[in-house]
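Undergrad: Chains as they are written, first to last, in this note's numbering: chain A, 14 to 347; chain B, 14 to 347.
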DNA sequence: TAGATTAATGTAAGCGCTTTCATTTTTAAC
DNA sequence: GTTAAAAATGAAAGCGCTTACATTAATCTA
């Protein structure tokens with residue numbers, strides 16, 4: 014692989030000049046520029062980005078930490094971030110935290126030591142203190158899906174409480190009063206916030222939260238399936254189920270169908286996140302939108318603006334969920 | 014951020030010695046090692062991986078190119094690769110090709126120039142020649158989901174033809190003879206191979222391939238939805254639909270349900286890939302398994318073995334699909 | 001046309017680390 | 001107590017690039 018030195022030799026100019034034309038900085042006469050371009054082409058020269066990073070202390074890459082690489086939720090987030098950044102000629106290094114504190118930290122360290130110019134972090138586990146400290150470091154950081162006191166200006170998050178409120182109000186307005194709730198894992202902030210919204214909606218309607226109608230799931234189809242089975246087997250009567258995300262709702266509905274329960278005729282369902290797939294099942298899932306892509310867009314543009322001075326977007330910290338009414342909720346009988 | 018130099022100063026040893034203890038290479042006395050560890054801890058020293066890469070010409074990171082970052086197919090692939098590599102202390106840099114030749118190439122260049130020790134590439138568009146040339150470079154490359162003559166030893170792929178065969182045979186054995194086919198985009202090799210399997214199954218049963226029952230989709234829900242509408246509106250009769258992947262099958266089924274057609278009573282469906290979601294819809298989708306995770310596992314282990322000398326897996330190039338019978342195919346009437 | 005600007009190019013010192021080779025220290029062998 | 005071999009350490013030359021700063025060439029001013 015040819016180095017900048019080979020190019021300078023062939024073109025008969027200095028290293029500095031080659032560097033100037035490669036990076037399009039400083040003044041270079043057209044004649045010289047042409048010579049350099051020719052030499053580069055002839056040698057099939059491509060700059061060694063590692064060396065560039067080391068010398069310039071800038072890597073043109075931004076690190077992204079998500080909790081998982083698969084699943085319907087993080088994919089679109091990564092896609093949006095990659096897309097924004099790539100079109101600005103920045104590159105993305107992705108790491109996964111796997112909902113594990115040690116791995117999350119390790120991933121952050123990796124991205125940092127990898128010389129990322131900025132980090133976009135969707136951290137589920139690490140403490141607020143850790144994140145506050147992280148934000149004090151010299152690498153700029155945006156936090157996604159999380160609101161942390163003291164560094165609110167670095168956070169892009171969804172109003173999960175409101176989302177929970179919206180979902181539960183909807184079934185309440187349809188006359189349901191025995192409402193089961195399949196929650197996400199409560200160590201995750203968004204799961205707690207959504208649950209809080211649910212409780213608040215219940216309270217608005219003068220209803221008490223009933224532990225017997227509560228199940229803590231895992232945000233996955235399996236958890237919804239299992240939760241539904243537990244709820245049904247408990248013998249407690251209920252006519253609607255609010256699920257803290259669409260995946261669990263899908264699992265729960267699958268179980269109902271298996272047991273011959275009709276949805277929504279016998280049981281109504283609301284999900285959360287509005288992922289694509291449940292639009293394609295029957296009944297189409299009523300849910301709450303989660304503008305995760307918009308948040309990714311915002312985070313990526315923040316980086317572009319703050320780190321590379323390239324965007325002039327107005328930073329919006331808090332995104333609003335919206336109720337998406339489809340077919341899975343029906344008026345309560347009686 | 015502390016550098017190795019700071020550590021050496023504080024520990025009162027040379028740079029070389031610090032490097033030795035950081036990398037655990039060469040001989041260092043216990044006493045010295047302890048001093049260095051203390052100094053590192055005290056300074057919160059973390060090696061600059063960029064500088065390490067530049068100096069050692071090894072980055073401990075492997076590049077992964079997929080066509081998309083989202084969707085139910087690539088997620089699990091990335092997850093598996095990341096998981097294998099991470100447990101061997103290697104890191105993953107992911108880039109997306111977006112089914113576009115220029116972007117695929119650019120992504121490969123990026124990963125290469127980024128100093129990856131190896132590449133795992135799921136290339137859809139670039140030519141075989143490009144890939145052959147790529148494999149001749151000094152960075153080791155594994156190709157996933159693709160079989161290229163001349164570099165077969167670098168390819169990990171699925172027997173798509175057999176998969177197509179399996180899917181179509183299944184509906185044929187259930188007595189269907191008017192079978193519609195919703196294909197993936199034909200510029201993708203796997204779409205072509207699956208179609209070929211379909212045609213072969215038809216031929217086995219003495220049936221001719223009928224253009225009127227063919228639709229070229231996009232491997233996405235929307236394509237299946239649209240394809241189904243086109244097929245239905247064409248007025249051609251058919252009693253079963255073979256879809257080249259599960260996502261299109263889901264879209265197609267959604268349309269049927271919207272139009273009040275019962276599945277599988279009136280129309281049978283087979284998918285391909287066995288992604289998680291359609292297991293949770295009704296009817297549960299009969300499909301063909303695609304051991305994409307196993308392939309990811311294999312590719313990652315190949316890298317571990319060939320590049321880092323750490324695994325001793327037996328390389329398996331070709332993976333076999335299997336029919337997964339669930340509920341979406343029913344015996345043809347009459 | 002001398003003198004002052006400005007443009008174009010070159011020189012060389014790093015960036016933080018690895019690694020070869022030389023040097024010093026320790027251990028072993030007799 | 002020598003001496004040879006082995007172990008531990010250090011010195012220094014890069015890895016491929018960027019970037020102050022210095023230098024030279026070109027252009028302008030009066």
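Cβ coordinates follow ideal geometry from the N, Cα and C atoms, glycine included.
1. Using a Cβ-Cβ cut-off of 9 Å, state whether residue 241 of chain A counts as contacting chain B.
2. Return no unless some Cβ of chain B is closer than 9 Å to the Cβ of residue 95 of chain A.
3. Compare the C-beta of residue 122 of chain B with all C-beta atoms of chain A and state if any pair is closer than 9 Å.
4. Using 9 Å as the threshold, is the C-beta distance between residue 282 of chain B and residue 305 of chain B below it?
5. Measuring alpha carbon to alpha carbon, tell me which of B:72, B:153, B:202, B:90 ends up nearest residue 231 of chain B.
6. Taking 9 Å as the cut-off, decide whether the C-beta atoms of residue 79 of chain A and residue 131 of chain A are in contact.
7. Measure the CB-CB distance between residue 207 of chain B and residue 176 of chain B and report whether it falls below 9 Å.
8. Which bits of chain A does residue 81 of chain B rub up against, with CB to CB less than 9 Å?
9. Please tell me whether residue 62 of chain B has its Cβ less than 9 Å away from any Cβ of chain A.
10. For the stretch 46-77 of chain B, which segments carrying the alpha helix (DSSP H) assignment without a break, of at least 4 residues, lie completely within its bounds, in sequence order?
11. So which residues of chain A does residue 234 of chain B contact, with C-beta pairs closer than 7 Å?
12. Could you check whether the Cβ of residue 125 of chain A sits closer than 9 Å to any Cβ belonging to chain B?
13. Could you name the residues of chain B that residue 109 of chain A contacts, counting a contact when the two beta carbons are closer than 9 Å?
14. Alpha carbon to alpha carbon, what distance is there between residue 134 of chain A and residue 142 of chain A?
15. Is residue 59 of chain A close to chain B? Criterion is C-beta to C-beta, closer than 9 Å.
16. Report all residues from its chain with a CB closer than 6 Å to the CB of residue 39 of chain B; omit the five preceding and five following residues, and keep chain order.
17. Using a Cβ cut-off of 9 Å (strictly closer), state whether residue 18 of chain B contacts chain A.
18. What does DSSP give as the partner residue(s) for residue 108 of chain A in the beta ladder?
19. Among the candidates B:162, B:217, B:104, whose CA atom is the shortest distance from the CA of residue 185 of chain B?
20. Taking 9 Å as the threshold (beta carbon to beta carbon), is residue 56 of chain A in contact with chain B?
21. Is it the case that the Cβ atoms of residue 286 of chain A and residue 86 of chain A are separated by a distance below 9 Å?
22. Could you please give me the residues that DSSP links to residue 331 of chain B through a beta bridge?
23. Tell whether a beta-carbon distance below 9 Å holds between residue 284 of chain A and residue 196 of chain A.
24. Going along chain B, which residues have a C-beta under 8 Å from residue 204 of chain A?
25. What three-state label does DSSP hand residue 9 of chain B in the structure shown?
26. Along chain A, which residues have their Cβ under 8 Å away from the Cβ of residue 270 of chain B?
27. If contact is defined by three or more beta carbon pairs under 8 Å, each pair taking one atom from either stretch, is the stretch 313-327 of chain A in contact with the stretch 94-104 of chain A?
28. In chain A, which residues lie with their C-beta within 9 Å of the C-beta of residue 27 of chain B?
29. If you follow the alpha helix (DSSP H) that residue 123 of chain B is part of, which residue opens it and which one closes it?
30. To the nearest angstrom, report how far apart residue 254 of chain A and residue 250 of chain B are at their CA atoms.
31. Let me know if residue 338 of chain A comes out buried or exposed under the rule of 16 or more other beta-carbons within 10 Å of its beta-carbon.
32. Residue 114 of chain B versus chain A: which residues are under 9 Å apart at the beta carbon?
33. So which residues on chain B does residue 67 of chain A lean against when the C-beta distance must stay under 7 Å?
34. DSSP on residue 131 of chain B, reduced to helix/strand/coil?
35. Contact criterion: CB-CB distance below 9 Å. Does residue 267 of chain A meet it with respect to chain B?
36. Roughly how many angstroms lie between the CA atoms of residue 279 of chain A and residue 194 of chain B, to the nearest whole one?
TA: By the coordinates alone:
1. no
2. yes
3. yes
4. no
5. B:202
6. no
7. yes
8. 88, 92
9. yes
10. 62-69
11. 289, 293
12. yes
13. 91, 92, 95, 96, 99, 105
14. Using only the alpha carbons, I get a separation of about 15 Å.
15. yes
16. 33
17. no
18. A:78
19. B:217
20. no
21. yes
22. B:170, per the DSSP bridge assignment.
23. For residue 284 of chain A and residue 196 of chain A, no; Cβs fall outside 9 Å.
24. For the C-beta of residue 204 of chain A, not a single chain B residue is nearer than 8 Å; the gap to the nearest is close to 20 Å.
25. Limits of chain B in this structure are 14 at one end and 347 at the other, which puts residue 9 of chain B out of reach.
26. 295
27. Taking 8 Å as the limit for Cβ pairs, the verdict is that the stretch 313-327 of chain A does touch the stretch 94-104 of chain A.
28. In chain order: nothing, as chain A lies at least about 21 Å away.
29. 114-126
30. Whole-angstrom Cα-Cα distance: 40 Å.
31. exposed
32. Within 9 Å Cβ-Cβ: nothing; residue 114 of chain B doesn't reach chain A, min ~15 Å.
33. 63, 64, 67
34. When secondary structure is reduced to three states using DSSP, residue 131 of chain B falls in the strand class.
35. yes
36. 36 Å
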